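Engineer:
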Amino acid sequence: MNEIRQLIWNGELNVLVSIDPSFLMKGSPKEMAVLRIRVPRETYLINYMPLIWDRIQDFLSFDPLNEKGKYFWFEHNGRPIRWNYPVGVLFDGLVASNATFATPSEIHLENAITFFRVHLVMGESLPSTVIPILSSSNQAEKFWFHQWKQVCFILNGSSKGIMSLSVNESRKFWRSVITRNFHDFTEISNKISPSRPRHVPIIIQNHKDLGTGGISQPTIRMAGVNPTLRDIEEEVFSAKEIIDAESYVIVAQGIEIPWDTALLDLYLKFRSFDGFLYITLVPKISVTKIFP
Amino acid sequence: MSRILESENETESDESSIISTNNGTATERTRNHPEIKSSTHTVQNRLELFSRRLSQLGLASDASVDQQLDSSASSTYEQKEMNKTNTSTAEQKNIATEQKSRREEQDTQKIQIKFQPIGSIAQLKPSVCKISMSQPFAMVILFLKRRLKMDYVYCYINNSFAPTPQQNIGELWTQFKVSDELIVSYCASVAFG
Chain A
1 MNEIRQLIWN GELNVLVSID PSFLMKGSPK EMAVLRIRVP RETYLINYMP
51 LIWDRIQDFL SFDPLNEKGK YFWFEHNGRP IRWNYPVGVL FDGLVASNAT
101 FATPSEIHLE NAITFFRVHL VMGESLPSTV IPILSSSNQA EKFWFHQWKQ
151 VCFILNGSSK GIMSLSVNES RKFWRSVITR NFHDFTEISN KISPSRPRHV
201 PIIIQNHKDL GTGGISQPTI RMAGVNPTLR DIEEEVFSAK EIIDAESYVI
251 VAQGIEIPWD TALLDLYLKF RSFDGFLYIT LVPKISVTKI FP
Chain B
1 MSRILESENE TESDESSIIS TNNGTATERT RNHPEIKSST HTVQNRLELF
51 SRRLSQLGLA SDASVDQQLD SSASSTYEQK EMNKTNTSTA EQKNIATEQK
101 SRREEQDTQK IQIKFQPIGS IAQLKPSVCK ISMSQPFAMV ILFLKRRLKM
151 DYVYCYINNS FAPTPQQNIG ELWTQFKVSD ELIVSYCASV AFG
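Protein sequence lines, in the order shown, are assigned to chains A and B. Using the UniProt record's numbering, the first residue of the first sequence is number 1, and each one after it goes up by one. Using the UniProt record's numbering, the first residue of the second sequence is number 1, and each one after it goes up by one.
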């Protein structure tokens, strides 16, 4: 099991961050507005904000960390992206919505590298449902810790497991995410999660309106049962419209998952770095394009 | 003392009457027809005969309906699977339509939120409010900010964690309710880091 988890932990994506010209002074070199980075699937986009600011600080037309009344957020093809989901989950969600990752010049190339293209934009008001990006360096850490507290509550019925970690252990836990230390991460996350949880912390990405909605967090009881994904089909398709399950595949961590996979097994192997198991419903047409 | 004992006897008899009504028609008949009382075996035989007749007619007794309801509520996944294979496409569509209407009903349903202040922040009056299940948690934050006339409010569920503003209130309530109430603590500064 650890081998699978390690492979998932090491999963990375090519991310191309383009910075809106409004951030930069006139006459700034164009290449400064583009950043190509290899980002672990198991991280937040905002963990790269210091790198982005550092890259463009000499060409900035204002001080983004101290500018009042201005908000920043990421977009993909003009649609706001929620930074509070792991990068891999965001990518899977865009695959589900049939987003294109290639530029018009790359579309005919067979061996073109797939880039997850994100655009950093600025405005005086924030799109609804997007959490503002703050100047504080520990925003991601605090958010992530609360996610784990929620996960601990769902798994055990209380947050005692995570709250009883020592200060050093809590720091080590977050540091393991930043420094990509799989051993430390597994050691502490295993302390929080029981072998037989009460419920499974699961977040499902629907195929519709991924920019603004399409996310559900159903309650799935595990007491005395070990359901497969097919058994929880009703919870998976929590949409109001009638959906044919056969025309969708389930994707977790960028991997197609068979419907007859046991949920607990899937959770223990494929859960994300914030403790949740993210499942994305991808129409079969999109899957053949991106995950051949 | 005797009165207490009497009342105890009364309650006993009351209880027995309750139990008897719960047991069904058999005991009632024994009261109305003392001749049957003498032989409980006859009653049992008759009951068995009735139940056989009912089963022949294809009618289910109340108890079996209850059992069905219970089993549907706690039906095993294998049973679900078997049902799925048996139902035709038309039936599946009906089920889906039913599910759709049930979910729509759930969305319009309202749940209770209990607000608990932390520290020196003002207490909301009344402290219990109702909100539609389909709303995101951002609505609760917005409501608190407006009622308290504050720019920032920090909210926590069950004095533990801060949910994301995008989370659905209905789902939060289902997962974390305490006595059918979602307990939301609020503070003017960070309370639980």
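The beta-carbon is built from N, C-alpha and C at its ideal position, and this holds for glycine as well. If you're wondering where the values come from, they're calculated on a predicted model, not measured in any experiment.
Measure from the alpha carbon of isoleucine 202(A) to the alpha carbon of each residue in Ser272(A), Arg36(A), Gln6(A), Ser28(A), then state which is nearest.
Structural biologist: Isoleucine 202(A) has its Cα closest to that of Ser272(A), out of Ser272(A), Arg36(A), Gln6(A), Ser28(A).
Engineer: How long is the line joining the alpha carbons of isoleucine 279(A) and isoleucine 204(A), rounded to whole angstroms?
Structural biologist: In a straight line, the C-alpha of isoleucine 279(A) is about 5 Å away from that of isoleucine 204(A).
Engineer: Counting beta carbon pairs with one atom in the stretch 24-42 of chain A and one in the stretch 75-84 of chain A, are three or more of them shorter than 8 Å?
Structural biologist: No, because fewer than three Cβ pairs between the stretch 75-84 of chain A and the stretch 24-42 of chain A fall closer than 8 Å, the two stretches do not touch.
Engineer: Could you tell me whether any Cβ in chain A is nearer than 7 Å to the Cβ of threonine 85(B)?
Structural biologist: Annotation note: pLDDT 49 at threonine 85(B) (below 50); position unreliable, no value reported.
Engineer: Can the beta-carbon of valine 17(A) be found closer than 7 Å to that of valine 39(A)?
Structural biologist: No, Cβ-Cβ distance for valine 17(A) and valine 39(A) is not below 7 Å.
Engineer: With DSSP collapsed to three states, give me the class of leucine 65(A).
Structural biologist: Here leucine 65(A) sits in coil by DSSP.
Engineer: Is the stretch 182-193 of chain A touching the stretch 153-162 of chain A, taking contact as three or more C-beta pairs under 8 Å?
Structural biologist: Yes, the stretch 182-193 of chain A is in contact with the stretch 153-162 of chain A.
Engineer: Any idea if threonine 108(B) is buried or exposed, counting beta-carbon neighbours within 10 angstroms, 16 or more meaning buried?
Structural biologist: Classification of threonine 108(B): exposed, given that the 10 Å Cβ count is below 16.
Engineer: Taking glutamate 75(A) as part of the alpha helix (DSSP H), name the residues at either end of that continuous run.
Structural biologist: That residue, glutamate 75(A), is in no alpha helix (DSSP H); its beta strand (DSSP E) goes 71-76.
Engineer: Skipping 5 residues on each side, what residues in its chain have a beta carbon closer than 7 Å to that of serine 61(A)?
Structural biologist: Hits under 7 Å: Phe23, Leu24, Met25.
Engineer: Around the C-beta of histidine 146(A), are 16 or more other C-beta atoms found within 10 angstroms, so that it is buried, or is it exposed?
Structural biologist: Buried.
Engineer: Answer yes or no: do tyrosine 71(A) and proline 132(A) have a C-beta to C-beta separation smaller than 7 Å?
Structural biologist: Contact flag set, yes.
Engineer: Could you confirm whether any beta carbon from chain A is found closer than 7 Å to the beta carbon of valine 171(B)?
Structural biologist: Sequence inspection shows glutamate at residue 171(B); the valine mentioned does not correspond to that position. Yes, because at least one Cβ of chain A sits closer than 7 Å to the Cβ of glutamate 171(B).
Engineer: When the cut-off is 7 Å and only beta carbons count, does lysine 149(A) lie next to chain B?
Structural biologist: Yes, its Cβ sits closer than 7 Å to a Cβ of chain B.
Engineer: Closest to isoleucine 8(A) by C-alpha separation, out of Ala223(A), Ile37(A), Val236(A), Glu42(A), would be which residue?
Structural biologist: Here the closest residue by C-alpha is Glu42(A).
Engineer: So arginine 230(A) is in the beta strand (DSSP E); what residue range does that whole segment cover?
Structural biologist: Here arginine 230(A) belongs to no beta strand (DSSP E), and DSSP marks it neither H nor E.
Engineer: Output yes if chain A places a C-beta closer than 7 Å to the C-beta of alanine 162(B); else output no.
Structural biologist: Interface residue, yes.
Engineer: Give me the Cβ distance between histidine 119(A) and glutamate 75(A), rounded to the nearest whole Å; I'm assuming they're in contact under 8 Å.
Structural biologist: The pair is a contact, with the Cβ atoms about 5 Å apart (cut-off 8 Å).
Engineer: 7 Å is my cut-off, CB to CB: does asparagine 84(A) come that close to chain B?
Structural biologist: Output row for asparagine 84(A): interface = yes.
Engineer: Label glycine 170(B) either buried or exposed according to how many other C-beta atoms from any shown protein chain fall within 10 Å of its C-beta, with 16 as the threshold for buried.
Structural biologist: Answer is buried; the Cβ neighbour count reaches 16.
Engineer: Is it buried or exposed for threonine 275(A), if we count other Cβ within 10 angstroms and need 16 for buried?
Structural biologist: According to the sequence as given, residue 275(A) is glycine; it is not threonine. Buried.
Engineer: Can phenylalanine 115(B) and valine 184(B) be called in contact, C-beta distance under 7 Å?
Structural biologist: Contact flag set, yes.
Engineer: Locate the beta strand (DSSP E) running through valine 15(A), then write down its first and last residues.
Structural biologist: Where valine 15(A) is concerned, the enclosing beta strand (DSSP E) stretches over 12-19.
Engineer: Out of Asn159(B), Phe176(B), Pro136(B), Gly193(B), point me to the one whose CA is closest to proline 117(B)'s CA.
Structural biologist: Measuring from the Cα of proline 117(B), the nearest candidate turns out to be Asn159(B).
Engineer: Given leucine 182(B), which residues of its chain have a CB within under 8 Å of its CB, disregarding the five upstream and five downstream residues?
Structural biologist: The residues are Ile111, Gln112, Ile113, Lys114, Ile157, Ile169, Leu172, Trp173, Phe176.
Engineer: Across which residues does DSSP place valine 121(A) in a beta bridge pair?
Structural biologist: Note: valine 121(A) sits in a beta bridge opposite Trp73(A).
Engineer: Considering only their Cβ atoms, is the gap separating phenylalanine 137(B) from proline 165(B) smaller than 7 Å?
Structural biologist: The answer is yes: Cβ separation under 7 Å.
Engineer: Give me the residue from Arg198(A), Pro197(A), Lys172(A), Thr179(A) with the minimum Cα distance to isoleucine 188(A).
Structural biologist: Ranking the options by Cα distance to isoleucine 188(A), first place goes to Lys172(A).
Engineer: Flag tyrosine 77(B) as yes if its beta-carbon sits less than 7 Å from any beta-carbon of chain A, otherwise no.
Structural biologist: Since pLDDT at tyrosine 77(B) reaches only 45, below the 50 mark, its modelled position is unreliable, and the value read off the structure follows with that caveat. So, interface residue.
Engineer: What are the partner residues of leucine 24(A), as DSSP defines its beta bridges?
Structural biologist: According to DSSP, leucine 24(A) bridges with Leu60(A).
Engineer: Can you give me, in chain order, the residues of the stretch 111-139 of chain A that have a beta carbon less than 7 Å from any beta carbon in chain B?
Structural biologist: Cβ contacts with chain B come from Thr129, Ile131.
Engineer: Mapping DSSP to helix, strand and coil, what is leucine 124(B)?
Structural biologist: It is coil, neither helix nor strand.
Engineer: Taking only three categories from DSSP, how would you classify arginine 147(B)?
Structural biologist: Note: arginine 147(B) maps to helix in three-state DSSP.
Engineer: Which residues in chain B sit within 9 Å of phenylalanine 173(A), going by Cβ to Cβ distance?
Structural biologist: Within 9 Å Cβ-Cβ: nothing; phenylalanine 173(A) doesn't reach chain B, min ~14 Å.
Engineer: Under 6 Å Cβ to Cβ from valine 251(A), same chain only, skipping five residues before and after it: list those, please.
Structural biologist: Same-chain partners within the cutoff: Asp92, Thr280, Val282.
Engineer: Compare the C-beta of leucine 210(A) with all C-beta atoms of chain B and state if any pair is closer than 7 Å.
Structural biologist: For leucine 210(A), the pLDDT reaches just 48, beneath the cut-off of 50, and the residue's location in the model is therefore unreliable, leaving the point undetermined.
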